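These notes concern the structure reproduced below.
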Amino acid sequence: MMPGRDASLWRALRPWLSLLGERRHRLILGALLMALTLASAIGLLALSGWFITATALTGMLLAAGIAASLDVYVPGGGIRFFAVTRTVSRYVERLYNHDTVLRLLADLRARMFAVLSGLDAHALSRRRASDWLNRLTADIDTLDSLYLRLLAPALVALLAILALSGFLALWAPRVALPTGALLVLGWLGLTVGQARRGMAASYRQVGDLEGLRGRLIEQLQGLAELEAYGSLADHRARLAVIEARLYRDQRRLGKQVALGNALAALVVGLAMLLALWLAAEAWHAGLLSGPLMVMMPLAVLGISEALAPLPAAFTWLGATRGAAERLNALEAQQQRPATASFSGRPPVGALSVALTDVTLIHADALVPALAEVNLEVRPAERLALCGASGAGKSSVAGLLTRQLRPAAGGVRLGGVAVEAWPEAALTSRLALLTQQSDLFDDSLAANLRLGDPKASEAQLWRVLAMVALDEWAEALPRGLETRVGEGGRQLSGGQARRMALARLLLREPDLVILDEPFAGLDIETAKQLATRLDSWLAGRTVIYLVHQLGDAVDPPGIDRRLTLQDGRLCTNGQDVAG
Amino acid sequence: MEVPDAASDALTARRYLIDLAAGERRRLRLAILAGTSVGLLTIAQLVLLARFISRLLVEQASLAELVPLMAGLLVLLALRALMLYLQETLAQAASLRIRQRARRSLLDHLARLGPVKLTSRHSASLASQLVEQVEALDGYFARFQPQLWLAVLVPLPILLVVLLLDWLAATFLLVSAPLIPLFMALVGMGAERLNREQFAAVARLSGHFIDRVRGITTLQLFGRTSHATHEVHAAADDYRQRSMRTLRLAFLSSAVLEFFASVAIAVVAIYVGFGLLGYIEYGPADELTLFSGLLVLLLAPEFFQPLRSLSQHYHDRAAALGAAEGLVALLNETPDAGRLPGAAVPPPSCDALIELEAVSVTYAGRGRVLGPVDLTLAAGDVVAVTGPSGVGKSSLLQLLAGFVAPADGSIRRVEGLSLAWMDQRPLLIQGSLADNLRLAAPDASRDDMREALARAGLGELVSALSQGLDTPLGERGAGLSGGQAQRLALARVFLSGASLVLLDEPTASLDAETEGYLIEALQALAEEGRALVIATHHPAVMALAGRRLALEAQATVKGGGP
């Protein structure tokens with residue numbers, strides 16, 4: 001690998017390593033528990049070997065009639081001790097480290113969520129699809145194993161090699177040093193070497209899986225057209241290309257892992273034989289007793305437990321790196337408009353709105369979403385902005401709420417450029433009913449209180465009455481504590497719409513933007529709602545975003561209407577007063 | 001092993017996994033063979049190791065005398081590494097082929113089910129089934145299956161060797177042997193429960209996270225993002241506390257296995273040590289030597305190792321079973337008999353393209369959704385299909401396209417009738433504009449494509465693009481508006497030259513301009529002599545049609561001209 005690639009790996013992982021660093025005490029303790037388990041396993045085998053050799057040699061002396069004695073209780077106790085600590089520390093280690101990993105997961109999720117909530121609509125609109133969300137959670141889970149699969153085992157293995165070499169060096173440095181050097185070299189091969197060999201292929205895996213999924217979705221959604229045109233086989237061929245690439249990489253990675261595992265076995269075996277040979281030499285030279293001579297290769301054999309998990313984990317380092325890079329890229333997009341310094345205060349009361357020569361281009365779009373739009377709304381005026389879906393209505397709402405930034409032109413609220421508004425003032429004085437009624441998997445009360453966290457129960461009932469949901473809510477066995485399910489799925493579309501509206505009614509905004517306020521409502525309910533809404537809207541500037549007027553129930557009190565088509569305002573006399 | 005449920009002929013998850021494994025029996029067997037050799041080579045290696053030590057310490061052999069033994073050890077070491085490599089790569093190759101085959105047969109099955117049977121399923125979740133769930137089978141074939149055999153095949157020769165060395169030590173191992181199935185069950189139960197609960201809890205937690213992310217714009221608008229961040233953390237932390245309670249129990253089962261493996265080593269070491277000192281005066285203990293004692297000690301952990309590996313791979317089995325259940329549910333859905341390969345359609349009597357005679361369509365659970373209907377279409381016919389929603393307009397088009405087979409009546413169709421299809425959600429594939437057009441006509445020239453685009457009202461847009469036909473469309477056609485996508489689908493119809501064009505509500509949710517283009521285009525298509533069948537509510541489209549087929553609930557009324 002080139003140094004540049006090493007540096008970029010480091011850059012990709014650094015933010016996540018520093019996030020891990022916040023829990024460093026737990027991580028260190030967890031690694032120590034792993035080391036203790038390993039030490040017990042090595043100790044058990046090495047001491048047992050020592051004990052058997054010592055007893056055998058003593059037994060031979062005794063048989064030859066030579067007086068000899070051996071303290072069997074200390075090593076016997078040691079063997080029992082290692083047997084117990086190995087079991088107990090393994091159990092405690094697994095439990096403790098799982099707890100740590102779950103804590104890290106909570107940290108990672110919260111951090112990612114904070115990043116996402118800093119994204120603007122440009123970045124978010126491209127990322128609505130649920131499969132993207134699935135990938136995001138998968139990426140978080142991948143990073144979450146950074147500690148348990150990669151860092152801790154590698155460090156513990158290195159530590160174990162060094163500690164073992166040090167321990168053996170107490171008796172025979174000439175055995176310990178070459179053996180230790182061989183093991184360290186092997187460790188490097190199993191970590192750094194495996195990572196290098198697997199990097200490119202494992203890095204591609206997630207992307208190829210994504211590509212495969214994308215092609216599959218195309219095929220399933222477009223099956224009617226593909227079958228009618230007889231081009232299903234062509235499309236299947238496109239799919240097969242991605243699958244072939246995916247599996248070529250998997251085969252390569254599988255071979256790398258297998259090679260790594262064989263290498264691990266080879267390294268431990270060779271180190272064991274080296275220790276055996278050198279210890280035998282030392283024994284011949286009278287530098288080492290028989291039991292110690294046997295202990296050495298057996299202790300080296302115990303290291304295999306530490307090296308075994310390394311090849312698979314490090315061959316797939318590229319996948320972790322990919323996950324980290326994707327999440328880093330997301331973080332880099334976090335660029336909600338910085339609030340420019342604004343010396344004065346935005347005017348009080350109903351706000352005027354002015355768009356001057358606004359052009360808006362969504363990323364990836366072939367044509368601008370809004371082109372040179374000029375629009376003015378007077379304070380307390382009610383404007384209906386009409387247009388087919390995709391004409392640019394939601395883009396206007398996005399600009400006013402600062403979810404989107406124009407490529408050219410200016411947006412002013414109350415005479416103040418929207419970029420200059422303090423965030424808190426903007427959220428409190430603007431209210432937007434989005435086209436989609438986003439409800440959260442929580443209680444009715446919690447969903448309503450999004451509008452005003454301090455709202456009293458009486459206030460909640462008041463707004464429910466305004467949207468004619470009070471009788472329905474009263475009839476529910478758990479009342480306001482009823483959960484609405486994922487995305488509000490337990491509610492009908494019309495109920496969800498009215499909940500979203502009720503949430504808005506808890507606020508006291510000076511500019512209200514309502515995107516299809518009566519969508520999904522029956523005519524009776526819509527009429528009822530229109531009357532109540534009319535009085536609440538009094539004294540506020542209002543922009544209605546509607547597909548078409550005159551179809552069903554129109555929003556109340558429209559002063560003026562404008563039509564958007566393909567991102568341009570129609571000027572051909574469609575503006576009507578009153 | 002698992003006995004399949006013979007009583008029902010519906011495919012079960014276990015049966016499915018067994019069937020899949022059967023296709024790669026040879027490779028899997030070779031992998032098991034290689035794994036068994038690894039075990040045997042390990043035994044041989046340990047025998048030589050014990051021999052080396054015994055020769056050195058007991059027989060006081062010189063280093064030169066030990067060279068052959070050392071050489072033998074080196075050879076065994078290399079062979080063992082090779083076998084290890086073979087075991088893994090063979091199992092890996094088997095798993096790859098199995099997954100590839102499984103995905104291919106699932107895709108075939110989906111194609112046979114056809115677009116209509118798949119509408120009830122969410123395509124994104126179906127796609128992730130075909131990606132993730134098929135991939136989730138990997139560990140089962142690559143690791144668990146071979147290890148299941150090795151857990152039996154490797155301990156047996158070890159036991160045999162120990163028995164030859166010292167029957168009492170072998171008895172220690174043997175005593176634990178009947179306990180092994182018990183551990184297995186314990187470990188298995190633990191792992192399975194762990195997996196089930198973990199799966200459910202993880203899904204719940206992900207659900208919570210996704211729920212909050214989906215509504216993030218709303219949270220931004222209400223200025224509640226920092227509060228929601230705390231909530232996300234709290235939910236994950238709550239999950240941690242609850243799952244730690246179950247993990248405490250679940251980890252116990254593998255701790256038991258670990259405990260027995262450790263205790264076996266300790267017991268063997270102390271027994272052998274005391275035997276060598278002559279403290280044990282019964283049984284074979286007085287025959288123990290350094291060689292046999294050391295070898296018994298070295299073999300004891302190897303006896304338990306395959307089982308420990310198996311318990312590590314147990315979650316692979318649980319994951320594969322879970323995935324197989326989802327896939328089997330899909331495979332158990334049966335396609336219409338008329339869509340199976342080999343179902344032939346007779347040609348129509350006169351010069352018609354297609355004839356329907358008293359055909360009706362029924363859906364399981366919904367009863368009859370269309371018909372009986374009679375319809376004859378010849379080249380140049382333009383038929384508007386009208387009626388309230390839910391009356392079967394789409395079903396009629398699907399029937400004409402062959403996506404569904406009729407429950408009653410007969411269809412006669414010209415052999416090799418070429419079709420074009422357009423509905424409200426046109427297919428846009430990731431690729432260039434040209435790739436998207438070629439879906440309808442793989443061999444179309446660039447001039448043909450430009451002309452088709454121009455006729456569909458996209459000529460201006462394409463000539464304004466710097467890359468023209470090679471402009472890439474992002475994922476899911478990102479970059480095109482709804483109206484533009486619809487015009488692209490129309491260009492495909494032009495390009496295809498299909499003689500029968502089926503259009504399902506083509507004007508719904510279109511802006512006035514695109515609508516205008518579309519109506520002009522339909523006129524042009526009819527003038528080319530193509531037969532058009534259009535399900536529509538739109539008065540202008542109806543006016544275009546030469547004939548009108550008004551469908552009513554449960555019966556048809558055939559109308560004349562508009």
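Protein sequence lines correspond, in order, to chains X and B.
Under the numbering used here, the first residue of the first sequence carries the number 1, and numbering increases by one thereafter.
Under the numbering used here, the first residue of the second sequence carries the number 1, and numbering increases by one thereafter.
By construction, the Cβ of each residue, glycine as well, lies at the ideal position given by its N, Cα and C atoms.
Source: prediction; values computed, not measured.
Closer than 7 Å at the beta carbon, the chain B residues around residue i
i, result
"X:HIS25", "By Cβ distance, chain B contributes nothing, its closest Cβ being about 17 Å from X:HIS25, past 7 Å."
"X:ILE79", "ALA266, ALA269, ILE270"
Beta-carbon proximity check, residue i vs residue j, cutoff 8 Å
i, j, result
"B:SER254", "B:SER311", "yes"
"X:LEU549", "X:ALA391", "no"
"B:LEU137", "B:ARG99", "yes"
"B:THR514", "B:GLY483", "yes"
"X:VAL257", "X:THR191", "no"
"B:THR376", "B:ARG368", "no"
"B:LEU277", "B:VAL47", "no"
"X:GLY520", "X:GLY493", "yes"
"B:ALA526", "B:VAL382", "yes"
"X:VAL463", "X:LEU505", "yes"
"B:LEU163", "B:GLY283", "no"
"B:LEU427", "X:GLY222", "yes"
"B:ARG240", "X:ASP99", "yes"
"B:PHE141", "B:SER95", "yes"
Residue i: contacting residues in chain B (beta-carbon distance under 9 Å)
i, result
"X:LYS255", "TYR85, GLU88, THR89, GLN92"
Residue environment, residue i, which counts as buried when at least 16 other CB atoms sit within 10 Å
i, result
"X:ASN447", "buried"
"B:ALA7", "Confidence is the limiting factor: at B:ALA7 the pLDDT is only 42, short of 50, which leaves the residue's position unreliable, though a coordinate-based value still follows. Answer is exposed; the Cβ neighbour count stays below 16."
"X:HIS235", "buried"
"X:THR434", "buried"
"X:ASN97", "buried"
"X:ARG11", "exposed"
"X:LEU562", "buried"
"B:ARG15", "buried"
"X:GLY415", "exposed"
Supposed close pair residue i, residue j - CB separation, criterion 8 Å
i, j, result
"X:ALA121", "B:THR225", "So it is not a contact: roughly 14 Å between Cβ atoms."
"X:PHE81", "B:THR229", "Not quite, the Cβ-Cβ distance comes to about 47 Å (not below 8 Å), so this is no contact."
"X:LEU537", "X:ASP515", "Not a contact, Cβ separation roughly 15 Å."
"X:TRP421", "X:PRO368", "Not really, about 24 Å apart at Cβ, beyond 8 Å."
"B:ALA324", "B:LEU126", "Not really, about 16 Å apart at Cβ, beyond 8 Å."
"B:SER418", "B:GLY338", "Incorrect: roughly 19 Å between the Cβ atoms, too far for contact."
"B:GLY529", "B:ALA379", "5 Å"
Interface partners of residue i on chain X, CB under 9 Å
i, result
"B:GLY207", "ASP441, GLU486"
Partners in chain X for residue i, counting only beta-carbon separations shorter than 7 Å
i, result
"B:ASP211", "PHE440, ASP441, GLU486, GLY487"
"B:LEU297", "SER48, GLY49, ILE52"
"B:PRO115", "LEU223, ALA224, GLU227"
Neighbouring residues, chain X, relative to residue i (Cβ below 8 Å)
i, result
"B:PRO301", "LEU45"
"B:ARG240", "ASP99, LEU102, ARG103, LEU105, ALA106"
"B:GLY338", "None at all; the shortest Cβ gap to chain X is about 14 Å."
Listed by chain order, chain B residues near residue i by CB distance under 8 Å
i, result
"X:THR137", "SER206, PHE209, ILE210"
"X:VAL294", "ILE53, LEU57, LEU294"
message: If the cut-off is 9 Å on Cβ atoms, which residues from the stretch 151-175 of chain B count as contacting chain X, listed in chain order?
response: In summary, no residue of the stretch 151-175 of chain B has a CB separated from any CB of chain X by less than 9 Å.
query: Relative to chain X, which residues along the stretch 38-65 of chain B have a C-beta separation below 8 Å, given in chain order?
result: GLN45, LEU49, PHE52, ILE53, LEU56, LEU57, VAL58, SER62, LEU63
query: Just by C-beta distance, which residues in the stretch 429-455 of chain B are closer than 7 Å to chain X?
result: ILE429, GLN430, LEU439, ALA440, PRO442
Chain B contacts from the stretch 54-79 of chain X (Cβ-Cβ distance under 9 Å): Of all residues in the stretch 54-79 of chain X, those with a C-beta nearer than 9 Å to a C-beta of chain B are ALA54, THR55, ALA56, LEU57, THR58, GLY59, MET60, LEU62, ALA63, LEU70, VAL72, PRO75, GLY76, ILE79, reading in chain order.
query: Of the residues that make up the stretch 79-102 of chain X, which ones have a beta carbon closer than 7 Å to any beta carbon in chain B?
result: ILE79, ARG80, ALA83, ARG86, THR87, ARG90, TYR91, ARG94, LEU95, HIS98, ASP99, LEU102
message: Please identify, using Cβ separations under 8 Å, the residues of the stretch 441-466 of chain X that lie next to chain B, in order along the chain.
response: Listed by position along the chain: ASP441, LEU450, GLY451, PRO453.
query: Closer than 8 Å, Cβ to any Cβ of chain X: which residues of the stretch 479-490 of chain B, in chain order?
result: GLY479, LEU480, SER481, GLY482, GLY483, GLN484, ALA489
query: Along the stretch 184-218 of chain X, what residues have a CB closer than 7 Å to any CB found in chain B?
result: LEU209, LEU212, ARG213, GLY214, LEU216, ILE217, GLU218
field: Residues of the stretch 353-382 of chain B whose Cβ lies closer than 8 Å to any Cβ of chain X, in chain order
entry: none
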